[in-house]
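Quick note, the sequences are listed as chains A and B, same order. At position 33 of the first sequence (counting the first as 1) the number is 551 in this note's numbering, and the numbers step up by one without a gap. At position 438 of the second sequence (counting the first as 1) the number is 448 in this note's numbering, and the numbers step up by one without a gap. Think of the CB as a built atom: it goes at the ideal place given N, C-alpha and C, for glycine as much as any other residue. It should be emphasised that the depicted structure is a prediction, and the values quoted were computed from it without experimental measurement.
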Amino acid sequence: MNLRLVFKSIGLLLICEAIALIPSLIVSLIYKEQNALVFFDTIGILLSFAVPLCMISIKNKNMYARDGYAIVALGWIFMSLFGALPFYFSGAIPSFIDAFFETSSGFTTTGASILTNIEVLPRGILFWRSFTHWIGGMGVIVLTLAILPSLGARGIQMMKAESPGLNPGKLVPKVGETAKILYGIYIVITIVEIFLLRLAGMPLFDAFIHTFGTVGTGGFSSMNASVGAYNSVIIEIIITVFMFLSGANFALYYYMIKGNLRAPFKDSEFKFYFGIIAVSVLLITLDINANIFNNIWESLRYSSFQVVSIVTTTGYVSTDFEKWSMFSKIIIFILMFIGGCAGSTGGAMKNIRILLLFKIMKRELLQIIHPRAVYSVRLGKKAVDERTLSEVLGFFFMYIIVFIAGVLIISLDNMDWGTTISSVAATLGNIGPGFGIVGAVGNYSSLSDISKVALSLIMIVGRLEIYPILLISLPSFWKRVSI
Amino acid sequence: MRIIIIGAGKVGYFLAENLCKQNHVTIIDRNMNALRKAEENLDVLCIKGSGVSTSVLLEAGIKQANLLIAVTSTDEVNMVCCLTGKKLGAAQTIARIRDPEYAQDLSLLKEELDLDMVVNPEQAAADEIARSMNFSTAMNVESFAKGRVRLVEIKITKDMALAGMKLNDIPSRFSSQILIGVIVRGEDIIIPDGEKVIEEDDSIYVIGKSSNIYSFCKLVGKSPVKLKNVMIMGGGRIAIYLANLLMEMDIKVKILEIDKEKCIELSEMLPESLIINGDGSDEELLQSENISNMDAFIAMTGIDEENIMSALIAKQNGAKKVIAKISRLNYVNVAQNLGIDSVISPKLITSNQILTYVSRNNVETLHRIIEGKAEIIEFIVERNSKIINTKLKNLKLPKDVIIATIVRKSEIVIPHGDDTIKEGDRVIIIAKNKNITELNDIISNNRGKA
């Protein structure tokens, strides 16, 4: 373990976080709020930690995979701790554990909240709360790579640990430029959505907040009733479309810009993602049509918004789906495990892994019919490497283990089945709302402190796709000589 | 520049490592493990697939590529890759072709396949060994300005007059026409100024006009002896090229080869050499073939470890100069520390040739010494260069960069503060840990000093 390099890199990340606080500070100043000072304080504290860390001189410049994982895991935990300071200092969230929960929820683009009344919060604080979604969506490491090219080749180790999906590929030979392209696409999508929401009649501040929540697939709103508060079909359609776009692989947009307009239709993961959404919307629409809503258009409106919101792991709510029938609720629950595509801002297990798991299942069955046959699992036309397949199986198992362990801890609070299970599924998959107490109109405020800390960590575990956090909790990971 | 490298083996990896800082490099290979290594350590894009396949080449962006380098292990694959690549739009192509059968028709091949450069590691290695034979006991020899300027590495031993001498005193004691450009002391590389003192066990790199270097070597006690007898162990491709070259230089060659069939083949191809069927690491055999009377012993079987061991045995038994061929680059330093006089790495030579070609727009020759930690670069000064007609002492050179030699038509100048650089000069620069791609880089105020 190259601790000097790890801490120096964390210092760089914290400097980036200090830079990311500036927009919130500006918003706070624009609205002439008293507590703009909390942002000054936080930036000051961040810099006083980060600058000495950056000054560390490195003897050994080699960075191996384990260093990359350590930077990402520790970096995200530190970021969430420091990011909680504005909430705590301003008094918006009096308990530090609650503030940490809210910030982890923000950075990991979960959107689970412990706030009961959002609308009374100062604007600067609200802006910071949603801006964490925007940063966390594409990733802090990717941002650091785009801004600070000095990390160079070493960056790929960190980018791999942070980016969602298997084998996060580079678009162009240089890591730094790949990061710039990704952020470029991200910024364009953000601007277009803000513009469209403004056209649809949303106030500018709200348009910013909801855009951050959408493109980061986060789910923080400035309204207590989330997107449902506007009760506008056009706003819901815009947000649905942008949630869908943010849940797809950003590399596809790059190929489209490069002239390959049919790239999404050739990508098997995208087709699978689209198929899952279409089937779920269809089933839920038919199910709730007679029971909850009276006409088919209304059913379609709410089911499509909710399905896309959950599958992309955004977690916006336009209606109280707690009242839907059990069949629809179970579909929503299953979708919580699937999540977005690799290379998107979405969370959970990712469509590509689910798709591969199905293909592996099919192969295992065929293998019994023809014991000596050699089948290779294919994605599109390309055969998938066996090592990748075993990684997918391993990931699936770890995801379920973390889920079960989480449920066990939350069960100490002695709540109902729906709340206990869905709260872990919704935080591990970075979705936000679950069922029961933590459902569409509820929130996480009534949970015990132990559960809140556990869920905060589970959110980070989920956002970083299990490995980094599990690795740093392994004693042999830290040993200088591990045999 | 956009560069595509086909083959992620030792040469491909080394090239990518050196090119990826300034260029956009894409590597294609069929072996996942080789690619994984490159992907984890280098800032490059890796694509799994065959470089012969059109779709893989298109995916790698062959249309926009400025250069395609094919360095897989098979000559034929390299040729086809370059041919396809060129047809698909690569601006330039470089292929590694090593089979002596092809080597004879190289110019025809080059024309027919529209190759911009062909590299033959074995031929290049043989050339390099033959060149160093002229300077016998001085170790590595590189040449610049078409052979008129040479660089030698000399290991300082206790009995040499140079040990303990300040650099400023050297011109008066020996010759003013040479320059000591680099001192290697243990792990450190020093680009010295006049106040530095040479110590025992240092290695020094001396640059100057060929004849001056020759006499300098003579003065400091490493007098170049004319070589007469050379023993080569291992009758591979390099041995064939080398035996021919040495024979032209009137040096007698004895080749040890373990394989009987190969011996017969060799004796047909090299009628003037003595071919001996036997194991070169066998001490008895070496002694019976009077190794102690050999001026040089060159170990170049296919196995690095065997080469190192045999060279050491030969040295112990009295061979005056021992040279070992080594493919694994990380062995090079170890071998030199063990006391092997000279280490030849065909892969390194090939890589350096290609690197020189890549930066060819400005750079005439480029040599990397001491595992690439220092570079010696030859430029031709263009008219619009910023450093023309300024006295050298007024140029603000960054730390660890020196202008070592100026070659002007028939003159070879070891520069001093009052000299100036003129248009059309060849300038040789020594730099440590820098990436200098054009002459103006050296004065662009300490950029990249970190």
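What in chain B is Cβ-close to K688 (chain A), meaning under 8 Å?
Counting from one through the first sequence, the residue named residue 688 (chain A) turns up at place 170. Correct list: L55.
Helix, strand or coil for N455 (chain B), going by three-state DSSP, please let me know.
Working through the second sequence from its first residue, we reach residue 455 (chain B) at position 445. Caution is warranted here: a pLDDT of 49 is assigned to N455 (chain B), below 50, making its placement in the model unreliable, and the coordinate value is therefore given only provisionally. Of the three classes helix, strand and coil, the one that applies to N455 (chain B) here is coil, per DSSP.
Does the Cβ-Cβ distance between K58 (chain B) and L78 (chain B) come in under 7 Å?
Along the second sequence, one-based indexing puts residue 58 (chain B) at 48. Along the second sequence, one-based indexing puts residue 78 (chain B) at 68. No, they are not a contact pair.
For N456 (chain B), count the other beta carbons within 10 Å of its own beta carbon; 16 or more makes it buried, fewer makes it exposed. Which is it?
In the second sequence, counting from the first residue as 1, residue 456 (chain B) sits at position 446. Model confidence at N456 (chain B) stands at a pLDDT of 43, short of 50, so the residue's coordinates are unreliable; what they give is reported in the following sentence. Burial call: exposed.
Beta-carbon of V35 (chain B) versus every beta-carbon of chain A: anything under 7 Å?
By 1-based counting over the second sequence, the position of residue 35 (chain B) is 25. With 7 Å as the cut-off, V35 (chain B) counts as an interface residue toward chain A.
Do S941 (chain A) and the ligand MG come close, with the Cβ less than 6 Å from some heavy atom?
The ligand MG is not among the ligands present in this structure, which contains no ligands whatsoever.
I'd like to know whether the C-beta of P691 (chain A) is nearer than 7 Å to at least one C-beta of chain B.
Here residue 691 (chain A) refers to the residue found at position 173 of the first sequence. Interface residue, yes.
So, does the segment 212-226 of chain B touch the segment 185-199 of chain B, judging by three or more C-beta pairs under 8 Å?
yes
Along the chain, where does the alpha helix (DSSP H) that runs through Y251 (chain B) open and close?
On the second sequence, residue 251 (chain B) is found 241 positions in, with the first residue counted as 1. Per DSSP, Y251 (chain B) belongs to the alpha helix (DSSP H) from 247-258.
Along the chain, where does the beta strand (DSSP E) containing C56 (chain B) start, and where does it finish?
Residue 56 (chain B) sits at position 46 when you count from the first residue of the second sequence. Run containing C56 (chain B): 55-58, per the beta strand (DSSP E) assignment.
Which same chain residues end up closer than 6 Å to G244 (chain B) when comparing Cβ atoms and leaving out the 5 residues on each side of it in sequence?
For the purposes of this step, residue 244 (chain B) is taken as residue 234 along the second sequence, with counting starting at 1. Excluding sequence neighbours, G244 (chain B) sits near M310, T311.
Taking only runs that begin and end inside the segment 699-745 of chain A, name each unbroken alpha helix (DSSP H) of 4 or more residues, in chain order.
722-733
Taking only beta carbons into account, state which residues of the segment 891-904 of chain A come closer than 9 Å to chain B, listed in chain order.
K900, D903
CB-CB length for Y23 (chain B) against E132 (chain B), believed under 8 Å
Numbered from 1 along the second sequence, position 13 holds the residue referred to as residue 23 (chain B). Numbered from 1 along the second sequence, position 122 holds the residue referred to as residue 132 (chain B). Going by Cβ atoms, the distance from Y23 (chain B) to E132 (chain B) rounds to 20 Å, so no, they are not a contact pair.
Quick check on L992 (chain A): does DSSP put it in helix, strand or coil?
Against the first sequence, residue 992 (chain A) aligns to sequence position 474. The answer is coil: DSSP assigns L992 (chain A) none of H, G, I, E or B.
So, are the CB atoms of L255 (chain B) and A135 (chain B) less than 7 Å apart?
Here residue 255 (chain B) corresponds to residue number 245 of the second sequence, with the count starting at 1. Here residue 135 (chain B) corresponds to residue number 125 of the second sequence, with the count starting at 1. No.
Taking DSSP as the reference, what is the three-state secondary structure of A460 (chain B)?
On the second sequence, residue 460 (chain B) is found 450 positions in, with the first residue counted as 1. Per-residue confidence for A460 (chain B) stands at a pLDDT of 33, beneath the threshold of 50, marking its modelled position as unreliable; no derived number is given.
Given L965 (chain A), which residues of its chain have a CB within under 7 Å of its CB, disregarding the five upstream and five downstream residues?
Taking the first residue of the first sequence as position 1, residue 965 (chain A) is located at position 447. Closer than 7 Å at the Cβ level, and outside the excluded window around L965 (chain A), lie D931.
Pull up the distance between the alpha-carbon of E787 (chain A) and that of G673 (chain A), whole angstroms please.
Translated into positions along the first sequence, residue 787 (chain A) becomes position 269. Translated into positions along the first sequence, residue 673 (chain A) becomes position 155. Linking E787 (chain A) to G673 (chain A) through their CA atoms gives a straight-line distance of about 26 Å.
Give the residues from the segment 64-95 of chain B that approach chain A closer than 7 Å (Cβ to any Cβ), ordered along the chain.
none
Figure out for me which residue from A:E909, A:T945, A:E904 has the closest Cα to the Cα of I922 (chain A).
Sequence index remark: in the first sequence, residue 922 (chain A) carries index 404 (1-based). Here the closest residue by C-alpha is A:T945.
Which one of A:M977, A:K899, A:E754, A:G624 has the shortest CA to CA distance from G719 (chain A)?
Here residue 719 (chain A) corresponds to residue number 201 of the first sequence, with the count starting at 1. Per the Cα distances, A:E754.
Within this structure, are the beta carbons of V129 (chain B) and T360 (chain B) separated by less than 7 Å?
Reading the second sequence from its first residue, position 119 is the one you call residue 129 (chain B). Reading the second sequence from its first residue, position 350 is the one you call residue 360 (chain B). In this structure, V129 (chain B) places its C-beta atom within 7 Å of the C-beta atom of T360 (chain B).
Within 7 Å, strictly: CB atoms of G736 (chain A) and G858 (chain A):
By 1-based counting over the first sequence, the position of residue 736 (chain A) is 218. By 1-based counting over the first sequence, the position of residue 858 (chain A) is 340. No. Outside cutoff.
Report yes if the C-beta distance between V745 (chain A) and R641 (chain A) is below 7 Å; otherwise report no.
The sequence position of residue 745 (chain A) within the first sequence is 227, counting from 1. The sequence position of residue 641 (chain A) within the first sequence is 123, counting from 1. In this structure, R641 (chain A) does not lie closer than 7 Å to V745 (chain A) by Cβ.
Does K409 (chain B) come within less than 7 Å of chain A when only Cβ atoms are used?
Residue 409 (chain B) sits at position 399 when you count from the first residue of the second sequence. Chain A contact via Cβ: absent.
Assigned secondary structure, K238 (chain B) (DSSP; H/G/I helix, E/B strand, else coil):
The residue given as residue 238 (chain B) occupies position 228 in the second sequence. If DSSP states are grouped into helix, strand and coil, K238 (chain B) belongs with coil.
In the DSSP assignment, find the unbroken alpha helix (DSSP H) run with H651 (chain A) in it and report its ends.
Against the first sequence, residue 651 (chain A) aligns to sequence position 133. Unbroken alpha helix (DSSP H) run through H651 (chain A): 641-656.
Take N948 (chain A) and list the residues in its own chain whose beta-carbon comes closer than 6 Å to its own, dropping the five residues that flank it on each side.
For the purposes of this step, residue 948 (chain A) is taken as residue 430 along the first sequence, with counting starting at 1. Within the same chain, N948 (chain A) has close Cβ partners T626, T627, T628, T831, G865, G980, R981.
Reduced DSSP secondary structure (H/G/I, E/B, other) of N394 (chain B):
Position 384 of the second sequence, counting from 1, holds the residue named residue 394 (chain B). N394 (chain B): coil per DSSP, three-state reduction.
Burial state of A568 (chain A), where buried means 16 or more other Cβ atoms lie within 10 Å
As a position in the first sequence, residue 568 (chain A) is number 50, starting the count at 1. Classification for A568 (chain A): buried.
Would a check of beta-carbon distances place A460 (chain B) closer than 7 Å to chain A?
Position 450 of the second sequence, counted from the first residue, corresponds to residue 460 (chain B). Low per-residue confidence applies at A460 (chain B): pLDDT is 33, beneath 50, and the placement is therefore not dependable, though the value from the model is reported in the following sentence. Closer than 7 Å: no.
Separation of L449 (chain B) from V332 (chain B), as counted between CA atoms:
Here residue 332 (chain B) refers to the residue found at position 322 when the second sequence is read from its first residue. Here residue 449 (chain B) refers to the residue found at position 439 when the second sequence is read from its first residue. Each residue's Cα considered, the two are about 37 Å apart.
Using the beta-carbon of each residue, which ones in chain A are nearer than 8 Å to M241 (chain B)?
One-based indexing of the second sequence puts residue 241 (chain B) at position 231. Result: empty, since nearest Cβ-Cβ is about 41 Å, beyond 8 Å.
Who are the near neighbours of M241 (chain B) in its chain, counting only those whose CB is closer than 6 Å to its CB and skipping five residues on each side?
The count along the second sequence starts at 1 and reaches residue 241 (chain B) at position 231. Closer than 6 Å at the Cβ level, and outside the excluded window around M241 (chain B), lie K264, M304, F307.
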